[in-house]
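Engineer: Numbering (the working numbering), first residue to last: -18 to 179. Quick reminder that beta carbons are idealized off the backbone N, C-alpha and C, glycines included.
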C-alpha cells in the first residue's frame, strides 16, 4: 500500500509576490499604490488600503484591497507589522482583479496569519492589557467596516451619531464595541451573499 505524502495545506494559496509578478506581466504599465488608512503606533495597529491600476494614467483603481495587522500578533509583526499589512492588502486587491482567484481569494500570507496570531498568543505569558484588547476590537471593527467600503472617519461619524458620543470607538465600552462589530460583520456577510448572487 502506497501512502501519499502529506499535502501542504497552503499549497492552494498563491503568494502575493507571484500575483504581483503576473500583474506586471499582463499590465506592464500598471501601478499599485498603498495607503495607510489608520496607524496607531502606541497600540501597534495598522489598517491599509491597496489600489491596483491597469494603466499608469487610470483615474480610478481597477481593484482595491484592505488589511489590518497588530504588532502584537506574531514574531514577524513585532518589527514588520506595517509591511505584512501592506503585502496582505496588495494580495487582496490583485485577487479581486482576477489574479489566481481560482485558487482562493486569500493570499498564502493571509491564510498563515491565524497561525501566526495563535503562535503569538501562546507565546504570551500574560493576559493582554485592556488597551490591547480594545485595540483588537477596534481593528476588527475597522476591518469589517472596510469590507463595506467604510473608512475610519465614516466609522467614527456613525458611532458618534448612533451612540451620541464624540470620540468614536474610544467612547464605547467593550460590550458596545462587540455590538458594533457584530452589526458590521452581519452587514458584510449580507453584502458578500448579495454579490455572490449577482
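Shortest alpha-carbon distance to residue 11 belongs to which of 149, 43 and 25?
Structural biologist: Your numbering for residue 11 matches position 30 in the chain shown. Selected option, being the one with the closest Cα: 43.
Engineer: To the nearest angstrom, report how far apart residue 163 and residue 9 are at their CA atoms.
Structural biologist: In the chain shown, counting from the first residue as 1, residue 163 sits at position 182. In the chain shown, counting from the first residue as 1, residue 9 sits at position 28. Taking the straight line from one Cα to the other gives about 42 Å.
Engineer: Would residue 62 and residue 73 qualify as a contact pair, given that the criterion is a beta-carbon distance under 8 Å?
Structural biologist: In the chain shown, residue 62 corresponds to position 81, counting from 1. In the chain shown, residue 73 corresponds to position 92, counting from 1. In this structure, residue 73 does not lie closer than 8 Å to residue 62 by Cβ.
Engineer: Using DSSP bridges, identify the partner residues of residue 29.
Structural biologist: Here residue 29 corresponds to residue number 48 of the chain shown, with the count starting at 1. Partner(s): 17 and 48.
Engineer: In angstroms with no decimal places, state the Cα-to-Cα distance between residue 64 and residue 145.
Structural biologist: As a first step, residue 64 is located in the chain shown; it is residue number 83 there, counting from the start. As a first step, residue 145 is located in the chain shown; it is residue number 164 there, counting from the start. Approximately 36 Å between the Cα atoms of the pair.
Engineer: So, using beta-carbon positions, are residue 47 and residue 22 closer together than 8 Å?
Structural biologist: Against the chain shown, residue 47 aligns to sequence position 66. Against the chain shown, residue 22 aligns to sequence position 41. No, the Cβ-Cβ distance between residue 47 and residue 22 is not below 8 Å.
Engineer: Going straight from the alpha carbon of residue 69 to that of residue 49, what length do you get?
Structural biologist: Locating residue 69 in the chain shown gives position 88, counting from the first residue. Locating residue 49 in the chain shown gives position 68, counting from the first residue. C-alpha separation (whole angstroms): 8 Å.
Engineer: Using alpha carbons as the reference points, say which of 116, 152 and 77 lies closest to residue 32.
Structural biologist: Start at 1 with the first residue of the chain shown, and residue 32 comes out as number 51. Cα-wise, what sits closest to residue 32 is 77.
Engineer: Can you give the Cα-Cα distance for residue 111 and residue 7, rounded to whole angstroms?
Structural biologist: Position 130 of the chain shown, counted from the first residue, corresponds to residue 111. Position 26 of the chain shown, counted from the first residue, corresponds to residue 7. Distance between the alpha carbons of residue 111 and residue 7 is about 47 Å.
Engineer: According to DSSP, is residue 131 part of a helix, a strand, or is it coil?
Structural biologist: In the chain shown, residue 131 corresponds to position 150, counting from 1. Reduced to three states, the DSSP call for residue 131 is coil.
Engineer: Note down the Cα distance separating residue 26 from residue 19, rounded to an integer number of angstroms.
Structural biologist: The residue labelled residue 26 in the question sits at position 45 within the chain shown. The residue labelled residue 19 in the question sits at position 38 within the chain shown. The alpha-carbon atoms of residue 26 and residue 19 are separated by roughly 8 Å.
Engineer: For the alpha helix (DSSP H) containing residue 72, list its first residue and its last residue.
Structural biologist: Within the chain shown, numbered from 1, the residue matching residue 72 stands at position 91. Segment 58 to 77, the alpha helix (DSSP H) holding residue 72.
Engineer: Thinking residue 140 and residue 153 are a contact (beta carbons under 8 Å), I'd like their distance in whole angstroms, please.
Structural biologist: The sequence position of residue 140 within the chain shown is 159, counting from 1. The sequence position of residue 153 within the chain shown is 172, counting from 1. Yes, residue 140 and residue 153 are in contact; Cβ-Cβ is about 7 Å, under 8 Å.
Engineer: Suppose the cutoff is 7 Å on Cβ atoms and the five residues either side in sequence are ignored; what does the same chain contact list for residue 168 look like?
Structural biologist: Within the chain shown, numbered from 1, the residue matching residue 168 stands at position 187. Correct list, in chain order: 129.
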